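What follows is a single structure, written as structure tokens, with notes after it.
Protein chains in written order, with our numbering: chain F, 1 to 272; chain R, 273 to 520.
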């Protein structure tokens, strides 16, 4: 027993010590390798999804491709989910994280979220029309489906008393919602807007609540490189997108209802 | 108790080791709720899978061809498919075919919730192995012993209950212990169908608190302890059941 304990403690200190990883310049290693590895979503249409041939496509994939083209390197896409995306970046499995991630102060301590932001969304629920929800408070005591790793699961549970039932992926959540395992699905309003356009599948559902906790989305580089040349480079690319209106164009290309936030950003940067 | 919680808060402030499960009320509640679900899920599945094993091994020796074939089919199905696939099959597949019930929030929910499906699925999974383990134990019982019981006028059920099963149990105990340890560890798969067990709640906590390395270590230590307790109990039981001259 004593030996097992010592072993456990040794493992504990080993893995905690492993936190401090070596620093390097990712921009150089990307150019050296001739490719940039970007972590993207594949379950978030139309930002990141698979087409009928299984290729990853979407608005964020177009953005990633633009970055790769500007660098003159090849693009490699790695599918990530909300609950593992930051670890992928921390461990160097990906060079860049471009995966519908909301920019929060807590996340800024873990990964290097580059300014400016490139999109913004709030949170809402998708619920059966027959439930007739109208207030967030009405979620109290009801099971609410969600995605593991979303920052607002805890917030909605603490603030409104909802009981989160979370799954690893979107298909599981959709299945659970359709089967009636939860009263509503808590997610980004942007994801629901495009879903509700699909009348066939979602005609019995609505987005009944007032969108709350509007948060901008950020592209992330490894934390140590936010202020370095790599972070600077990505920052310039995003600024360029806002100036040229690239993001507004992509938004309409992918059939996303235009957001005021993006139009304002375009205006602001174009005026500068 | 508050002093202990405060010590962990200090540990975070002083050394950045962020064990929110001890000083954050919300995290502590969900972590211990998760621990409780893991213990309950393991306990119920162990009992049910043992029952399935005992009954299955008995039916395997049946004179009816179709009974034997059914048991064999069950074993092959559950032993040769991954437990995660079985969980999904039950939770998303079978569940859709069953009637729904009215929920207290005014919706229609499936008959069984995720915890109940996990119990069903994991019990059948471990039970399939238990049938084979018991069969191996029964085959180790000397033929002469069974014949002696038959000569004394015992029926097949009586032989099974009073002679074969008690001896078989002692022969197969080590294999049974391994399977139960495996079952306890397999309960982590239930996180995939949103059963709030340890891995599931830990995943929630590290997503919210960004303390992945700390929670990974907590998980490792907790499972080491849980399996340790299980193995210790099984060994105690084995020694208590020892019949001099049988087994080892």
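Beta carbons: idealized from backbone N, C-alpha and C, even for Gly. Every value quoted in this text rests on a predicted model; they were computed, and no experiment measured them.
With DSSP as the reference, identify every bridge partner of residue i, one or two as the case may be.
i                     : result
residue 295 (chain F) : Past the boundaries of the shown model lies residue 295 (chain F); chain F is included only from 1 to 272, so the question cannot be answered.
residue 163 (chain F) : F:143
residue 382 (chain R) : R:372
residue 102 (chain F) : F:217
residue 340 (chain F) : The shown model of chain F, from 1 to 272, leaves out residue 340 (chain F), and the question about it has no answer.
residue 188 (chain F) : F:123
residue 288 (chain R) : Per DSSP, none; premise fails for residue 288 (chain R).
Report, in whole angstroms, the separation of the C-beta atoms of residue i and residue j, which I expect to be a contact under 8 Å.
i                     : j                     : result
residue 254 (chain F) : residue 101 (chain F) : No, residue 254 (chain F) and residue 101 (chain F) are not in contact; Cβ-Cβ is about 18 Å, not under 8 Å.
residue 219 (chain F) : residue 98 (chain F)  : 5 Å
residue 38 (chain F)  : residue 126 (chain F) : Rounded, the Cβ-Cβ distance is 28 Å, inconsistent with contact.
residue 133 (chain F) : residue 209 (chain F) : 6 Å
residue 386 (chain R) : residue 465 (chain R) : 5 Å
residue 213 (chain F) : residue 123 (chain F) : 5 Å
residue 165 (chain F) : residue 43 (chain F)  : That belief does not hold up - the Cβ atoms of residue 165 (chain F) and residue 43 (chain F) are roughly 18 Å apart, past 8 Å.
residue 469 (chain R) : residue 458 (chain R) : About 11 Å separates the two Cβ atoms, so there is no contact after all.
residue 40 (chain F)  : residue 77 (chain F)  : 5 Å
residue 129 (chain F) : residue 204 (chain F) : 6 Å
residue 332 (chain R) : residue 343 (chain R) : 5 Å
residue 364 (chain R) : residue 409 (chain R) : No, residue 364 (chain R) and residue 409 (chain R) are not in contact; Cβ-Cβ is about 36 Å, not under 8 Å.
Helix, strand or coil: which one does DSSP assign to residue i?
i                     : result
residue 37 (chain F)  : strand
residue 426 (chain R) : coil
residue 410 (chain R) : helix
residue 278 (chain F) : Chain F is shown only over 1 to 272; residue 278 (chain F) falls outside these bounds and no answer can be derived.
residue 113 (chain F) : strand
residue 469 (chain R) : coil
residue 179 (chain F) : coil
residue 150 (chain F) : coil
residue 341 (chain R) : helix
residue 22 (chain F)  : For residue 22 (chain F), the pLDDT reaches just 45, beneath the cut-off of 50, and the residue's location in the model is therefore unreliable, leaving the point undetermined.
residue 94 (chain F)  : coil
residue 78 (chain F)  : strand
residue 59 (chain F)  : helix
residue 48 (chain F)  : strand
residue 43 (chain F)  : strand
residue 482 (chain R) : coil
residue 434 (chain R) : helix
residue 171 (chain F) : helix
residue 365 (chain R) : helix
residue 261 (chain F) : helix
residue 194 (chain F) : helix
residue 503 (chain R) : helix
residue 377 (chain R) : coil
residue 272 (chain F) : coil
residue 488 (chain R) : helix
residue 243 (chain F) : helix
residue 514 (chain R) : coil
residue 335 (chain R) : coil
residue 134 (chain F) : coil
residue 73 (chain F)  : coil
residue 355 (chain R) : helix
residue 477 (chain R) : helix
residue 30 (chain F)  : helix
Inset, instruction - Give the residues from the region 79 to 91 of chain F that approach chain R closer than 7 Å (Cβ to any Cβ), ordered along the chain. - result: 83, 87
Inset, instruction - Using a Cβ-Cβ cut-off of less than 8 Å, list which residues of the region 236 to 247 of chain F approach chain R; keep chain order. - result: none
Legend entry - Where the region 378 to 389 of chain R meets chain F: residues whose CB sits under 7 Å from a CB there: 378, 379, 380, 381, 382
Inset, instruction - Check each residue of the region 118 to 131 of chain F: if its Cβ is closer than 9 Å to any Cβ of chain R, include it; give the result in chain order. - result: 128, 130, 131
Legend entry - Chain-ordered residues of the region 53 to 73 of chain F with a beta carbon less than 7 Å from chain R: none
Inset, instruction - Would you check if the region 81 to 92 of chain F and the region 61 to 71 of chain F touch, i.e. whether three or more CB-CB distances between them fall below 8 Å? - result: no
Legend entry - Stretch pair the region 108 to 116 of chain F + the region 139 to 158 of chain F: three plus CB contacts closer than 8 Å: No, the region 108 to 116 of chain F does not touch the region 139 to 158 of chain F.
Legend entry - Contacting positions in the region 410 to 436 of chain R - beta carbon closer than 8 Å to chain F: Within the region 410 to 436 of chain R, no residue qualifies.
Inset, instruction - Please name the residues in the region 346 to 373 of chain R whose beta-carbon is closer than 8 Å to at least one beta-carbon of chain F, in chain order. - result: 364, 367, 368, 372
Inset, instruction - Report the residues of the region 283 to 317 of chain R with a CB closer than 8 Å to any CB of chain F, ordered along the chain. - result: 289, 298
Inset, instruction - Give the residues from the region 175 to 198 of chain F that approach chain R closer than 7 Å (Cβ to any Cβ), ordered along the chain. - result: 175, 179, 180, 181, 183
Inset, instruction - Report yes or no: do the region 481 to 497 of chain R and the region 318 to 328 of chain R share at least 3 C-beta pairs separated by less than 8 Å? - result: With contact defined as three or more Cβ pairs closer than 8 Å, the region 481 to 497 of chain R and the region 318 to 328 of chain R are not in contact.
Legend entry - Contact the region 294 to 310 of chain R vs the region 471 to 478 of chain R: 3+ CB pairs below 8 Å: yes
Inset, instruction - Tell me, please, whether the region 426 to 440 of chain R touches the region 353 to 361 of chain R by the rule of three or more beta-carbon pairs shorter than 8 Å. - result: Between the region 426 to 440 of chain R and the region 353 to 361 of chain R, the count of Cβ pairs shorter than 8 Å is below three; the stretches do not touch.
Inset, instruction - Quick one: which residues of the region 200 to 218 of chain F get their C-beta closer than 7 Å to a C-beta of chain R? List them in chain order. - result: Cβ contacts with chain R: none found.
Legend entry - contact_flag[the region 285 to 296 of chain R, the region 372 to 388 of chain R] where n(CB pairs < 8 Å) is 3 or more: no
Inset, instruction - Pull out every residue of the region 323 to 345 of chain R whose Cβ sits closer than 9 Å to any Cβ of chain F, in chain order. - result: none
Inset, instruction - Assess, as a yes-or-no matter, whether the region 375 to 385 of chain R is touched by the region 169 to 187 of chain F under the definition of 3 or more beta carbon pairs within less than 8 Å. - result: yes
Inset, instruction - Report the residues of the region 483 to 499 of chain R with a CB closer than 8 Å to any CB of chain F, ordered along the chain. - result: 484, 485, 486, 488, 489, 492, 493, 496
Inset, instruction - Would you list, in chain order, the members of the region 162 to 174 of chain F that have their beta-carbon closer than 9 Å to a beta-carbon of chain R? - result: 164, 165, 166, 167, 168, 172
Inset, instruction - Taking 8 Å as the threshold, find out whether the region 25 to 37 of chain F comes into contact with the region 222 to 229 of chain F through three or more Cβ pairs. - result: Segment contact: the region 25 to 37 of chain F against the region 222 to 229 of chain F, three or more CB-CB distances shorter than 8 Å; contact assigned.
Legend entry - Any 3 or more C-beta pairs closer than 8 Å across the region 419 to 427 of chain R and the region 503 to 516 of chain R: By the Cβ test, the region 419 to 427 of chain R is not in contact with the region 503 to 516 of chain R, since fewer than three Cβ pairs between them sit closer than 8 Å.
Legend entry - Against chain F: residues of the region 440 to 467 of chain R by CB proximity under 7 Å: 464, 466
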